[in-house]
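Student: Just passing along the structure, written as structure tokens.
Protein chains: 4
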Amino acid sequence: MALLVETTPSGREYKVKDMSQAHFGRLEIELAEVEMPGLMGCRAEFGPAKPLRGARITGSLHMTIHTAVLIETLSALGASVRWCSCNIFSTQDHAAAAVARDSAAVFAWKGETLHEYWWCTERALDWGPGGGPDLIVDDGGDITLLIHEGVKAEEEYERSGTLPDPASTENTEFRIVLGLIRGSIVGDPRKYRKIKERLVGVSEETTTGVKRLCQMQANGTLLFPAINVNDSVTKSKFDNLYGCRHSLPDGLMRATDVMIAGKIAVVCGYGNVGKGCAAALKSAGARVIVTEIDPICALQALMEGIPVLTLEDIVPEADIFVTTTANKDIIMVHHMKKMKNNAIVCNIGHFDNEIDMHGLETYPGINRITIKPQTDRWVFPETQTGIIVLAEGRMVNLGCATGHPNFVMSCSFTNQVIAQLELWNERATGKYEKKVYVLPKHLDEKVAALHLGKLGAKLTKLTLEQAAYISVAVEGPYKPTHYRY
Amino acid sequence: MALLVETTPSGREYKVKDMSQAHFGRLEIELAEVEMPGLMGCRAEFGPAKPLRGARITGSLHMTIHTAVLIETLSALGASVRWCSCNIFSTQDHAAAAVARDSAAVFAWKGETLHEYWWCTERALDWGPGGGPDLIVDDGGDITLLIHEGVKAEEEYERSGTLPDPASTENTEFRIVLGLIRGSIVGDPRKYRKIKERLVGVSEETTTGVKRLCQMQANGTLLFPAINVNDSVTKSKFDNLYGCRHSLPDGLMRATDVMIAGKIAVVCGYGNVGKGCAAALKSAGARVIVTEIDPICALQALMEGIPVLTLEDIVPEADIFVTTTANKDIIMVHHMKKMKNNAIVCNIGHFDNEIDMHGLETYPGINRITIKPQTDRWVFPETQTGIIVLAEGRMVNLGCATGHPNFVMSCSFTNQVIAQLELWNERATGKYEKKVYVLPKHLDEKVAALHLGKLGAKLTKLTLEQAAYISVAVEGPYKPTHYRY
Amino acid sequence: MALLVETTPSGREYKVKDMSQAHFGRLEIELAEVEMPGLMGCRAEFGPAKPLRGARITGSLHMTIHTAVLIETLSALGASVRWCSCNIFSTQDHAAAAVARDSAAVFAWKGETLHEYWWCTERALDWGPGGGPDLIVDDGGDITLLIHEGVKAEEEYERSGTLPDPASTENTEFRIVLGLIRGSIVGDPRKYRKIKERLVGVSEETTTGVKRLCQMQANGTLLFPAINVNDSVTKSKFDNLYGCRHSLPDGLMRATDVMIAGKIAVVCGYGNVGKGCAAALKSAGARVIVTEIDPICALQALMEGIPVLTLEDIVPEADIFVTTTANKDIIMVHHMKKMKNNAIVCNIGHFDNEIDMHGLETYPGINRITIKPQTDRWVFPETQTGIIVLAEGRMVNLGCATGHPNFVMSCSFTNQVIAQLELWNERATGKYEKKVYVLPKHLDEKVAALHLGKLGAKLTKLTLEQAAYISVAVEGPYKPTHYRY
Amino acid sequence: MALLVETTPSGREYKVKDMSQAHFGRLEIELAEVEMPGLMGCRAEFGPAKPLRGARITGSLHMTIHTAVLIETLSALGASVRWCSCNIFSTQDHAAAAVARDSAAVFAWKGETLHEYWWCTERALDWGPGGGPDLIVDDGGDITLLIHEGVKAEEEYERSGTLPDPASTENTEFRIVLGLIRGSIVGDPRKYRKIKERLVGVSEETTTGVKRLCQMQANGTLLFPAINVNDSVTKSKFDNLYGCRHSLPDGLMRATDVMIAGKIAVVCGYGNVGKGCAAALKSAGARVIVTEIDPICALQALMEGIPVLTLEDIVPEADIFVTTTANKDIIMVHHMKKMKNNAIVCNIGHFDNEIDMHGLETYPGINRITIKPQTDRWVFPETQTGIIVLAEGRMVNLGCATGHPNFVMSCSFTNQVIAQLELWNERATGKYEKKVYVLPKHLDEKVAALHLGKLGAKLTKLTLEQAAYISVAVEGPYKPTHYRY
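This is how it looks when you write it as structure tokens:
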């Protein structure tokens, strides 16, 4: 695509695949609103007061239908919003079009190149001469990374005159990041520091992004406050678990139409995401096998009747492989060579380094047959048998389907909205230092409560005597912070 | 579409949506072959002898990727094949293109009008001046119906000179059938009788089609032998059950992206199809409620923890409704009026008369908003709330997704191949009269056996003593005919 | 126990373990009545007319609490009843005491020797000088066998003067049967023929007993009409399946307290009983493996995510083994030798020849340690490791727990009551020949219907148009006879 | 029972029901050892060094077979042990006898009165003139409570000369505690303070006991260090969840033989215990309904397809009620009055105040019919319908069955052993203050690891690169402390 920013009649910038899909996007957004009671509840409760008035929010998060409802909730609370996706395959083009037309500056399309991806990211950060955003909504931490790397490079440049060198890394994507920063320093050697200075904080969505934030906090390099939305119970025990239980089979079905019943499926990792994946595959009739490093999670799998083995034990027999670890180098090309013909290999963890795509792509004599976008058969020359890799090793639920369903994303995104409100409301109080925070439990419980009515649930109320007996307030919070749910 | 027959370079007739999708279709057919060990086993076992050489086969069965493997198996066994779909929404256009290009005469596309549908059906029956097909593969019985109605009308015309009158019926579709027969009598007053005379028999796939055949047998009007493939165990207890368990959620997800977890889902009917649907919805986290007329099936639902209520009891509370009854008038417009906003209504039974589409379409002031093809929101004027109807009341798994997965269809279609072989091999022996037959149990067991290796299963072998003790042969069949599995 | 018949104050004969448990038995019978709506419905509907007045019924069926409700239903309908158990371990002594005290002649206790078992059987058949019973309720066919063997031996004796020779068989139990018949011929050489002449018919409960009956019908040796209650849908698809799903884990828990979660459990046979066992073990968290001879049942297991292997493949790794085959010689001593220390071996099929108890008992140097009654650890001399065999290879759910729960037995036993009524009502009409019959479907549906109210279910009623459309009567029956549920 | 301490030939004190059951107990203990790899692993690893030599341990914890393996593990590590049960119904008398005969001083039997219960507790604390124990293993906190109340009363007595007044409380049980302390002050006004001074610490097993400890810590009244074993992941996410999933149906079946399939079951509370109970009931075929105060737990239930209602909504329709809340006054007599005839009411939470037993017992005209011990039918005079209350409102799994199975208790008890070792090893270092601690994560992971081999699991090992990438050590711990599993 030609990387030119376009402008709506009202003057808002955007770059999307096809603006004519905006009507279709709007229809699906309207359906989604009915499924997202947490976000709609925020609009009802906070919308009239416009508490985010004056806030510039940049988001980097899969540009899907449900994200559209998030963006428009932030708008409804008064914010100005610029948005990019955090994954090259996860955008739903009709969602992007509808938001771009109606409510926020969007730079995203399905099937970006890595170069396009980072161009979009830069655009989402670009609030013009007055510097960057006040708040960031991040998913995986790419925007946070870019700002930190930018600041680091600018300081190095100021100190030593050295510009970042893209050739210094073998990682294709990081090479692009360094090139982009190099270019920005040449244009404005204080750009990222100006962004940092304005920035109130970030709220981060994923296990992966939080891991990065905690590493920076531990190293003392974190530049602004961060709220860890991922570890709200209503996020990590809902979207990670129940979202994947829904969207993994959805991705497998849309990409391959494979019958899951009767198959042997290997789930690498039995955290929340792995638990959701394993539950879905098992109830669809697969024989599930888990690989784990952690003896506690391994014992949980066993208690559910799921064997725990190593990948080596099972690689020639299994039919479906899913990585969920948030670690790297899980399924290597030497594993893939030993698989059955037409074994399906996919990843549902945030980054695409769980599967050794580089090893596959550079395997001598390998033949890639694209069945359809995001569904490739890779045929090894020795055996002429092939494996089927989905979404090029990126998130299969977003690359091959539409991600998690709206209702569970309403939980996650209501946490995001509350986190953004919290950061903005406390921007001048010093409540949040350059650390990683989680939302307090009463807000977590509030997020859950906003979702009960839609499902017809009725809570029991404690009597005063009962509340006293278990030492909680009648209105909660009901559990100690270490409670595991 | 202009209803003109086209011709391949080799001279084979066809009419499909887009021949350029043939390559994509071929790639998916090749994947499907790996998933369909029963059909590939038939090719390996029977292919060399070409036992269907000389046989003309007309099929009316969803023109999908897995049907392509069936068609090409019949071809590999020596048959000539002409094909149409048995549902206006069920064709996968790339499958149709690949088969049309490479192996058989196909007349089918996704989204036919009823008029186009019957035009395609006529083309599939049209083997030129020499009369019709030798064998029919039917699904739902539309071809069988057409021939019976045609013969009846020709006889009436011969007797009384009366032509069929399309205006005599209120049923839109039957009006088209009568018009078509009327036209054919004018052109050739013996056409359908010539077809009947040549015809060796039909093998029928569905509960619905078998019901029709049995009614004709009971009335003494059945014109040729029929093999009831639906009641092979490896069909009715597999594709109906496990196929729907897979393809119902697939259809719901592709059409609406709705989160199934937490929702109240009503399954009308708890036969094999209903059992598959209920199992899928339950394991996805829905609260499932069943409606039933049959106390035995009702008690089965209860034993699985599923309440049995009437539609009236639950209509205002449920989120998802699925009809599976093979009966008519299950969900009427007066029910739909009382549903929640954005309740989802769909059907997975063969015919589209389970949901009162006519009542909906003619409801005064109703507003139909097409979200995307096969996903419509119908807004009632009184409440301005809407319901979402999938696939216009036709089979949701085929209209909104790709139907059952390949592996389970391999079971069903291997029964079809065996039935076609049986009819053809016995065409001159008088073994089959004008009755409805099921395949003998040893063939049913053979179909299952052909599918075990792919799943790594190992059977136990009876000793002679054990076989004698339970009064069976070592090699089976192992169960009495009344055994219910 | 001293084998002396005792007499109640009212003059009814009995032999039970401990009459002082009658009060406890009565309390549990009263609870059971609330759980057995089918039987109580029969009492309400038929009781006032006493349709079984004058009928002498002999039953051979596990003398449990729920059987007590059956016996007292037969009494309430006017019958005189004598009863024994059909398994040496299955009697609940308090149930036997309550019935013996209050309503019928009972000869049964938990832990009979084989000799005692057949003594009890003879007592149940002994209606005094006037011959035997009019009707038999049989479970496994032991009474039916005894009469047939008796008649055969009397005829042989009349023909050749030869008495049956116990030494002619190696089967311990059959030796006792022959001895018993030899004794009776000496006393009365027409005893069994007199029984046969009076006998109206038998209703048989089990897969095993039906198999025997069908063999006799096939051989032309069946002496009286038989109703196969086992193949009522409301029996074989309920008690066999849902009963075992309940009572297998119950037996395992009471006998061993073993944690099922995490274990590898092998279920030999995937018929209705095997399906129930596998479902229970799987949902308790075991990794279940099935062995099968029948490819169709094997494919069903695979569709549920259960691997199908041979016993040899898995014998050294599994923790729990359950036989459900109704065949013999399933788990042999050479298998048991290879098992893990403290592997649990049990049988839930009708007869105790699925597990090679004889091989185990006669294994040189083996050491049997009785943990508690029906729980034995057998230690092999070579390894000093042991396996745990439950209920001495007899039905684990009855030997180690209390059998199926009342509600599902109400379904089975309502079929029994209806079968007894049918045989008695038609005793003079010639409707039933010396063949094996199943109950007509409308009675099967009636049995189910009697159980819906207790569970709060509401059936949907067909309209006349709907009934016509699917060619059934509004009030049923709703399915063709071959329907598999 | 006459409350006289008896003495073994070797001079060890005890009081059990029937010493002749010791052999049976020993046989079951030997079976349990095979199922408890964590405890046996501790014996193997630590046993030779006798690290608990010199330590006096008093335990108050259900005196079952698996507890016997715990006691004998503590002994094997060098400790001297005195034990009582923490529930009047939970003792398995053969376990108590075996331990009393062979390894430790036991004071426990099934069916203690409250007076007997506290006599046993005093005996377990009574190490003779030299004061009390060094360490306490507590379950529910009764021993901890007794010491704290004793110290408080002694100090009050010293201060004011006032003795505790049993008449000052309406709580029957607390009245007994006060009477007992009053007596001890009269005998030795420093007894409990001497116990406190010697005491190194307590390790506590349950949610309930931990809640008490945390309240004391918050109030500043905690007298010694406490390790909260309950909140080890390998305890609260295993025994609470998977233990109850096993033992709730076990208790229901043994007590009532009720068929769970088809019933409506209400689970009050959806914490770990409630989740286990709901899972078991659901997979047994019940329709489960949950009551909750916490919106997060409520939303979890909904995601599993379980409706969340209030008790009032469902009380007249449900068949089975289970309380799991660790709160009080959950099912009151006014609820019980409205229940169906023979509804089953039970509790699986630690204390018996979840069900209003007092209200039931004092209901005017109520009739209690004991079916068998721990199974009572209570008949209301107005309706003459009854409800069935299990274990008199105490823990149904321990009162009516044998508690959790051995394998999962091996996890819990390995935590206990490690906690006892930790307290003892650090007794002089000041590491533990008068606070409540949890075990560090690497020990939690160790407990899990000890249980994997028995189940045939194989862990994957991190490479150094992978470990660095996720910032953990190769050998763990693998998760942050807030991780919820």
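Residue numbers (full-length UniProt numbering), protein chains in the order written: chain A, 1 to 485; chain V, 1 to 485; chain H, 1 to 485; chain U, 1 to 485. In this text, a Cβ means the ideal position worked out from N, Cα and C, and glycines have one as well. Just so it is clear, the structure is predicted and the values come from calculations on it, not from any experiment.
1. Leaving out five residues before and five after A/R182 in sequence, what residues of the same chain have Cβ atoms less than 6 Å from its Cβ?
2. So which residues of chain U does H/D250 contact, with C-beta pairs closer than 9 Å?
3. What residue from U/N327, U/A298 and U/I344 has the CA that sits closest to U/A318's CA?
4. Got a sec? Which residues, its chain only, sit under 7 Å from H/T234 by beta carbon, not counting five neighbours each side?
5. Say whether the segment 255 to 264 of chain A touches the segment 421 to 434 of chain U, bearing in mind that this needs 3 or more beta-carbon pairs closer than 8 Å, one atom from each stretch.
6. Run through DSSP, which three-state label would U/A419 get?
7. For A/M303 and H/G285, I'd like the C-alpha separation in whole angstroms.
8. H/P295 touches chain V at which residues, Cβ-Cβ below 7 Å?
9. Among U/P316, U/P373 and U/F351, which has the Cα closest to the Cα of residue 486 of chain U?
10. Which residue wins for smallest C-alpha separation from A/V379, given the options A/T402, A/N342 and A/D356?
11. Name the two residues that bound the continuous beta strand (DSSP E) containing U/I366.
12. Over what stretch of residues does the beta strand (DSSP E) that includes H/C346 continue unbroken?
13. For U/A391 versus U/T208, is the C-beta distance shorter than 7 Å?
14. Which residues of chain H have a Cβ atom closer than 7 Å to the Cβ of A/R287, listed in chain order?
15. Quick check: what's the CA-CA separation for H/A298 versus H/T310?
16. Residue range of the alpha helix (DSSP H) that U/D376 falls in?
17. Specify whether the segment 274 to 291 of chain H and the segment 242 to 262 of chain H touch according to this definition: at least 3 beta carbon pairs, one from each stretch, less than 8 Å apart.
18. Let me make sure I understand the geometry here. Which of A/A167, A/A105 and A/N240 has the alpha-carbon closest to that of A/L178?
19. Should H/Q466 be flagged as near chain V, meaning a C-beta pair shorter than 7 Å?
20. Does the CB of A/S471 have a neighbour CB from chain U at under 7 Å?
21. Quick one: Cα of V/V210 to Cα of A/D93, how far?
22. Verify the CB distance criterion: does A/N342 have a CB-CB separation below 7 Å to chain V?
23. Contact defined as beta carbons within less than 8 Å: I believe A/V333 pairs with A/D356. What is the distance between those atoms, to the nearest angstrom?
24. Quick one: residues in its chain with C-beta nearer than 6 Å to the C-beta of U/T58, no 5 flanking neighbours on either side, listed in chain order?
25. Can you list the residues of chain U that V/A261 reaches, using a CB-CB cut of under 9 Å?
26. Kindly list, in the order they appear in chain A, the residues whose Cβ is closer than 8 Å to that of U/N415.
27. If contacts are defined as beta-carbon pairs under 8 Å, then A/K338 and A/P316 qualify, I think. What distance do you get, rounded to the angstrom?
28. Going along chain A, which residues have a C-beta under 7 Å from H/K110?
29. Looking at the structure shown, is A/Y478 part of a helix, part of a strand, or coil, going by DSSP?
30. Please name the residue in A/T323, A/K328 and A/C400 whose C-alpha comes closest to that of U/E465.
Tutor: Judging by the given coordinates:
1. L163 and P164
2. P249, D250, M253, R254 and D257
3. U/I344
4. C411, N415, D444, V447 and A448
5. no
6. helix
7. 5 Å
8. E445, A448, A449, L452 and L459
9. Chain U is shown from 1 up to 485; residue 486 of chain U falls before or after that span and cannot be answered.
10. A/N342
11. U/I366 -> no beta strand (DSSP E), and no H or E assigned at all.
12. A343 to N347
13. no
14. G305 and P307
15. 11 Å
16. Counting along the chain, U/D376 falls outside any alpha helix (DSSP H), though it belongs to the beta strand (DSSP E) covering T375 to V379.
17. yes
18. A/A167
19. yes
20. yes
21. 45 Å
22. yes
23. 5 Å
24. R82, A124, L125, P133 and I136
25. L302, M303, E304 and G305
26. Residues of chain A passing the Cβ test: none, with the nearest at roughly 12 Å.
27. 5 Å
28. Chain A residues near H/K110: none, gap ~34 Å exceeds 7 Å.
29. coil
30. A/K328
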